[in-house]
Amino acid sequence: MVPNITFVFVSNRMDGTVKSLYFLLFSFALIILPFFILYRHVKIVTVCYSVFIFLIPLVIFYTVVFSIPVTPNMIATIADTNHHETIEFFSGWHVIITISMLSSLAVCIFLVRQPVPHIKKATAKRVIIACLILCAPAFVLRMPHKGKKLPLSEIITHRLGCVYPFGLIKAMLAYTAEEIRYQHMCRKSESFSFHATRPIVPGEEAYVLVIGESARYCNWGINGYFRNTTPHLGLIKNLLSFTNVSTGAIITDPSVPMIVTRGTPKNMTRCYSEKGIISAFAECGFVTFWISSQARKGLHDLAITRYAKEAKTTVFINPINDYSDFCKIRYDEELIPVLKRAIHSKAKKLFIVIHTMGSHARYSMRYPKRFDLFRPSGKGKKMDIRDPKNRKQLINSYDNSILYTDFVLSKVIEELKSSGRMSVFMYLSDHGENLFDDGKDLSLHWNVTPYTLHVPLFIWASDLYIQTHPDKWKNLKKNINMPACSAVNVFPTLLNLADITCHGCETQKRSLASSAFIPEKRYYISMDDKVKELAYQW
Ligand SMILES: [Zn+2]
0 MVPNITFVFV SNRMDGTVKS LYFLLFSFAL IILPFFILYR HVKIVTVCYS VFIFLIPLVI
60 FYTVVFSIPV TPNMIATIAD TNHHETIEFF SGWHVIITIS MLSSLAVCIF LVRQPVPHIK
120 KATAKRVIIA CLILCAPAFV LRMPHKGKKL PLSEIITHRL GCVYPFGLIK AMLAYTAEEI
180 RYQHMCRKSE SFSFHATRPI VPGEEAYVLV IGESARYCNW GINGYFRNTT PHLGLIKNLL
240 SFTNVSTGAI ITDPSVPMIV TRGTPKNMTR CYSEKGIISA FAECGFVTFW ISSQARKGLH
300 DLAITRYAKE AKTTVFINPI NDYSDFCKIR YDEELIPVLK RAIHSKAKKL FIVIHTMGSH
360 ARYSMRYPKR FDLFRPSGKG KKMDIRDPKN RKQLINSYDN SILYTDFVLS KVIEELKSSG
420 RMSVFMYLSD HGENLFDDGK DLSLHWNVTP YTLHVPLFIW ASDLYIQTHP DKWKNLKKNI
480 NMPACSAVNV FPTLLNLADI TCHGCETQKR SLASSAFIPE KRYYISMDDK VKELAYQW
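FYI, the numbering for the sequence shown is 0 to 537, going by numbering that gives the first Met the number 0.
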């Protein structure tokens, strides 16, 4: 019962004592039920439960940190054999957790060695009926989801998923299903190679690609927004902001897969049949990292995790992409210490992808309080993000999230500068966002508008890089207003900036750093999975 009590205390989902009390009674009834259903095999039930008792310290840690029951992501973090990443996930608590787990192991051994109590058939019957009566309201009272009532099977799995240890079993099953899907995806491109080459470059280098989230072009101070949302980036020397970049898709998947592969709206199959940019750099001797504050597993994230896993080191600092008012997830600045370690490692050639939460709805949860500058922002309050009545708060909190991203990006550049490495930094957003613009009631990024299609793209380079590659820098400046598409031009531009060539990578005509750059017709994938030509001007 301890993880369930912890959940009630750390989460304000239960709103009110009656609901909380009922949740605890419901949990208790569910936990004792197997003992009475299998009253002749109490020992077996005790042994099964002892596994879950052993895991209690881990589960409590997770519940306290994120205010949610266990998800497949936690299982993924533990199941993967990356020791460093597991330590990262438990951020300094691993000693306490290990001691607690050893203590719970002792409790398990003690319980298993106890004599089995005898339960009479009549008693078992009475308890089962009582438990079922107690649990019935939770299953019968169906909660509405987007205005519709959920089917009973979904209600049952949802309710069970909130109660430990059943939630853990549900998460383990979901993890296994996702792992099978993931392995299937990887097998398709296993033997692929870019046959990438580059000349020998002396000295230490770092190329960093930061992928933003839902950050539209027009809300950045340096792009002319009426608010100064970029007080840090505005002061950085050698920073170029490209003014005419569209996204290849208005949702994260497939936008991100197209950014990190040679896949384009017109040739999406390359996203699946080939490897990603991490492998292209790795083939040329780069030590690669994928650092992310987005989730590793889940319906929308798995396709991206595939490319992350090509990196020598992957670090995911969050277990979920939160869509609710309640889950606490780590802010993007917590990626910086991980980046710092990578940059200051002994590796001479580095390629790092940072995948951020950026301005993902809910915007007010993407930044700490000290960045809550534009108010009212609704920070800390429940708010319907689709309701036009909340427009003012949503725009304010969105702008605060850009202000925060400006701070995070400036920190990334600062780290590169202080490392003394010859460095290049590129930031772009996966897609934009609607904020009830032009008198319309459109929010989030499910509708094609100039606000969801037009994305920011910044390139910064160290003085040493510019001195070594004056032509590339000159070309970038020349192409700053050229029509480009994230799905088509980011991959070749990054390879070209690092002097990597490979067959079919189009590192001349599709690179913004090339004198032979040729703008092409731009396309995007619409919400109905159709390829459409870009018809907007901005
Ligand atoms: Zn996205």
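By construction, the Cβ of each residue, glycine as well, lies at the ideal position given by its N, Cα and C atoms.
Which residues does DSSP pair with residue i in a beta bridge?
| i | result |
| --- | --- |
| Met421 | Glu204 |
| Phe315 | Ser291 |
| Asn266 | Thr263 |
| Ile353 | Val209, Ile290 |
| Lys348 | Glu204 |
| Leu443 | Asn433 |
| Leu545 | Look at the range of the chain in this structure, 0 to 537, and you will see that residue 545 is not part of it. |
| Ala248 | Ile524 |
| Phe241 | Leu456 |
| Thr500 | Thr196 |
Would you say residue i touches ligand 1, meaning its beta carbon is less than 7 Å from a heavy atom?
| i | result |
| --- | --- |
| Thr404 | no |
| Ile250 | yes |
| Glu177 | no |
| Glu561 | Absent from the structure is residue 561, since the part of the chain shown begins at 0 and ends at 537. |
| Glu212 | yes |
| Asp429 | yes |
If you compare alpha carbons, which of the options is closest to residue i?
| i | options | result |
| --- | --- | --- |
| Val63 | Leu37, Gln113, Cys107, Val7 | Val7 |
| Gly220 | Pro375, Lys42, Phe406, Arg521 | Phe406 |
| Leu415 | Thr268, Leu452, Leu463 | Leu463 |
| Phe370 | Glu332, Leu23, Val111 | Glu332 |
| Val139 | Val487, Arg125, Thr156, Val126 | Thr156 |
| Pro455 | His468, Met425, Asn478 | Met425 |
| Val209 | Ile179, Val259, His231, Phe193 | Val259 |
| Ile458 | Met257, Tyr450, Ser510 | Ser510 |
| Lys187 | Cys270, Leu159, Leu151 | Cys270 |
| Leu493 | Pro482, Asn480, Leu475 | Leu475 |
| Ile342 | Val286, His117, Glu309, Met267 | Val286 |
| Ile54 | Ser103, Pro256, Val46 | Here residue 54 is Leu; the residue named in the question, Ile, does not match the sequence. For the residues Ser103, Pro256, Val46, the minimum Cα distance to Leu54 belongs to Ser103. |
| Ile394 | Lys380, Arg374, Lys410 | Arg374 |
| Ser344 | Ala534, Ser26, Glu204, Pro33 | Glu204 |
| His194 | Phe280, Ile465, Ile132, Glu212 | Phe280 |
| Leu441 | Asp386, Met421, Ala294 | Asp386 |
| Pro136 | Gly503, Lys520, Leu443, Ala28 | Ala28 |
| Phe315 | Gly284, Glu282, Ala346, Val352 | Val352 |
| Phe435 | Pro367, Gly379, Lys391, Ile328 | Lys391 |
| Lys348 | Trp537, Val17, Val200 | Val200 |
| Thr448 | Gly438, Ser461, Gly431 | Gly431 |
Considering residue i, what are the terminal residues of the beta strand (DSSP E) in which it resides?
| i | result |
| --- | --- |
| Phe457 | 453-460 |
| Val94 | From DSSP, Val94 is part of no beta strand (DSSP E) but of the alpha helix (DSSP H) over 93-112. |
| Glu532 | 530-532 |
In the DSSP assignment, the alpha helix (DSSP H) including residue i goes from what residue to what residue?
| i | result |
| --- | --- |
| Ile524 | Run containing Ile524: none in the alpha helix (DSSP H); it sits in the beta strand (DSSP E), 522-524. |
| Ser152 | 151-161 |
| Tyr489 | Per the sequence presented here, residue 489 reads as Val, with Tyr not at that position. Taken as a continuous stretch (DSSP letters only), the alpha helix (DSSP H) holding Val489 covers 485-496. |
| Arg39 | Looking at the DSSP string, Arg39 is not in any alpha helix (DSSP H), and its letter there is neither H nor E. |
| Pro2 | 1-9 |
| Thr122 | 120-139 |
| Arg340 | 335-342 |
| Ala512 | Ala512 -> no alpha helix (DSSP H), and no H or E assigned at all. |
| Glu282 | 276-282 |
| Lys368 | Neither: Lys368 is in no alpha helix (DSSP H) and is coded neither H nor E. |
| Asp470 | 469-477 |
Do residue i and ligand 2 come close, with the Cβ less than 7 Å from some heavy atom?
| i | result |
| --- | --- |
| Thr5 | The ligand content of the structure shown is limited to ligand 1, which means ligand 2 is not among them. |
Quiz item: Curious, which full-length beta strand (DSSP E) runs of at least 3 residues does the stretch 189-238 contain?
Solution: 204-211
Quiz item: Can you list, in chain order, the stretches of the alpha helix (DSSP H) that have 4 or more residues and sit fully within the stretch 378-421?
Solution: 390-418
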